[in-house]
Amino acid sequence: MLEKLSVLRECDRVLKRGRPIAGYVIHIAPGVTKAKARRAAELGPSDVMAPASFETLTQAVGLTVVFSEDVTAAFRTTCAALADARRTLEDELRLEEGDEFYEEERRKKQSMLQGIDEGILRRSFVVARK
Amino acid sequence: MADNCEFFESKYDAARARAGRRIEEVALGQSVGLNGYTTVVEAETLCEHLDLETTATLLDVGSGQGWPGSHISRMAGCRLVSVDVPWNALQMAKTQPGTVAVRARGGSLPFRGDSFDAIVHADVFC
Chain R
1 MLEKLSVLRE CDRVLKRGRP IAGYVIHIAP GVTKAKARRA AELGPSDVMA PASFETLTQA
61 VGLTVVFSED VTAAFRTTCA ALADARRTLE DELRLEEGDE FYEEERRKKQ SMLQGIDEGI
121 LRRSFVVARK
Chain D
1 MADNCEFFES KYDAARARAG RRIEEVALGQ SVGLNGYTTV VEAETLCEHL DLETTATLLD
61 VGSGQGWPGS HISRMAGCRL VSVDVPWNAL QMAKTQPGTV AVRARGGSLP FRGDSFDAIV
121 HADVFC
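Protein chains in written order, with our numbering: chain R, 1 to 130; chain D, 1 to 126.
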């Protein structure tokens with residue numbers, strides 16, 4: 001979390017006043033229990049953030065969030081399509097990526113989909129201004 | 001974030017990058033060099049919110065091989081600075097016209113204050 005804060009501080013420093021910073025953030029769904037948050041952290045990307053903490057961090061460095069939208073449905077569609085494609089291409093991917101990398105990527109995609117389907121992982125589009 | 005450097009270096013080696021392109025073609029019907037989950041439509045949504053003019057300079061933090069910053073800068077006709085740590089990803093990023101690729105950590109950006117007209121990030125803060 002401290003590194004994320006330091007990255008946002010640097011973004012704030014190099015951004016001109018009044019200008020936007022925009023992007024997509026995968027995060028733990030707001031309002032989940034501590035147990036579900038722990039599960040989301042296991043299923044999601046490494047160091048996935050707690051509910052709403054990206055907006056909190058953004059505001060902590062002095063940026064103002066001007067737009068936020070939940071894009072989890074589109075995220076699930078993309079994630080599922082990528083997972084399906086990996087299965088379709090399994091033989092050639094194992095040759096090019098190596099078995100260990102292939103298995104790790106397959107596991108990550110499955111975990112991500114599991115977290116989305118359990119309602120504990122989300123993706124948001126967030127725009128802030130300096 | 002820093003602990004993932006080794007993984008991302010390996011992710012962007014040439015064979016895996018080629019494999020990634022084929023995965024995109026099968027999954028999404030086109031290949032743009034996705035780093036994560038940001039589709040073309042989402043990159044275009046980003047562009048709409050960044051309010052970029054042709055004189056602008058856009059910073060892509062955690063750019064990987066250049067997506068989605070490369071698409072946004074092409075749409076807007078502006079300059080792009082791509083910042084990330086894996087060398088092999090930056091080699092791909094800097095092949096895009098109008099792109100400067102800089103190896104740096106997000107927590108220590110080698111730029112003067114108030115340098116950029118907009119900043120984009122995609123699944124960097126997760």
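Where a beta carbon is used, it is the ideal one built from N, C-alpha and C, also for glycine.
All values derive from a computational prediction rather than experimental measurement.
Residue-level contact to chain R via CB, residue i, 7 Å cutoff
i	result
A15(D)	yes
T38(D)	yes
V32(D)	no
L46(D)	yes
C126(D)	yes
M1(D)	The pLDDT assigned to M1(D) is 45, lower than 50, so where the model puts this residue is not dependable; a value taken from the coordinates is nonetheless given after this. Answer yes: the Cβ-Cβ gap between M1(D) and chain R drops below 7 Å somewhere.
D123(D)	yes
V26(D)	yes
V120(D)	yes
CB of residue i within 7 Å of CB of residue j, strictly
i	j	result
V83(D)	V61(D)	yes
I28(R)	A35(R)	no
R129(R)	G113(D)	no
S73(D)	L58(D)	yes
E48(D)	L34(D)	no
D117(D)	K16(R)	yes
L50(D)	E10(R)	no
A122(D)	G115(R)	no
C126(D)	P45(R)	yes
V65(R)	L8(R)	no
A40(R)	L93(R)	no
L46(D)	V100(D)	no
A15(D)	E96(R)	yes
C78(D)	T54(D)	yes
V127(R)	V25(R)	no
T72(R)	R123(R)	yes
G64(D)	A43(D)	no
L80(D)	G107(D)	no
S31(D)	R21(D)	yes
7 Å Cβ cut-off: residues of chain D touching residue i
i	result
V61(R)	Residues of chain D passing the Cβ test: none, with the nearest at roughly 12 Å.
R122(R)	Those within 7 Å of R122(R) in chain D number zero; the least Cβ separation is about 10 Å.
G13(R)	Note on residue identity: the sequence assigns Arg, not Gly, to residue 13(R). Within 7 Å Cβ-Cβ: G113.
Proximity test, Cβ basis, 7 Å: residue i and chain D
i	result
L82(R)	yes
I116(R)	no
L113(R)	no
A73(R)	no
K4(R)	yes
A128(R)	no
R19(R)	yes
V65(R)	no
G119(R)	no
Q110(R)	no
Closer than 8 Å at the beta carbon, the chain D residues around residue i
i	result
E10(R)	G106, G107, S108 and L109
K16(R)	D114, S115, F116 and D117
R86(R)	I23
Contact set between residue i and chain R, taken where Cβ atoms lie within less than 8 Å
i	result
V102(D)	Ordered by position in chain R, no residue passes the 8 Å Cβ test against V102(D), which lies about 12 Å from the chain.
S70(D)	Chain R residues near S70(D): none, gap ~15 Å exceeds 8 Å.
S82(D)	Chain R residues near S82(D): none, gap ~14 Å exceeds 8 Å.
Partners in chain R for residue i, counting only beta-carbon separations shorter than 7 Å
i	result
R18(D)	E96
E53(D)	Those do not exist, as E53(D) stays about 11 Å from chain R at its closest Cβ, beyond 7 Å.
L50(D)	P20 and A22
R22(D)	L89
Neighbour list for residue i in chain R, Cβ cutoff strictly below 9 Å
i	result
L58(D)	Within 9 Å Cβ-Cβ: nothing; L58(D) doesn't reach chain R, min ~10 Å.
G61(D)	As written in the sequence, residue 61(D) is Val, which differs from the Gly given in the question. The answer, in chain order, is V7, E10, C11, I21 and G23.
Within-7 Å CB hit, residue i to chain B
i	result
R76(R)	This model lacks chain B altogether; the protein chains it does include are R and D.
- Task: Only counting runs of 3 or more residues, tell me where the beta strand (DSSP E) segments fall wholly within the segment 30-104 of chain R, in order along the chain.
- Result: 64-70
- Task: May I ask you to list, following chain order, the residues of the segment 22-56 of chain R that have a beta carbon less than 8 Å from some beta carbon of chain D?
- Result: A22, G23, Y24, V25, I26, H27, G44, P45, S46, D47, V48, M49 and F54
- Task: Ignoring anything shorter than 4 residues or poking outside the segment 69-99 of chain D, list the alpha helix (DSSP H) runs there in chain order.
- Result: 69-76 and 87-93
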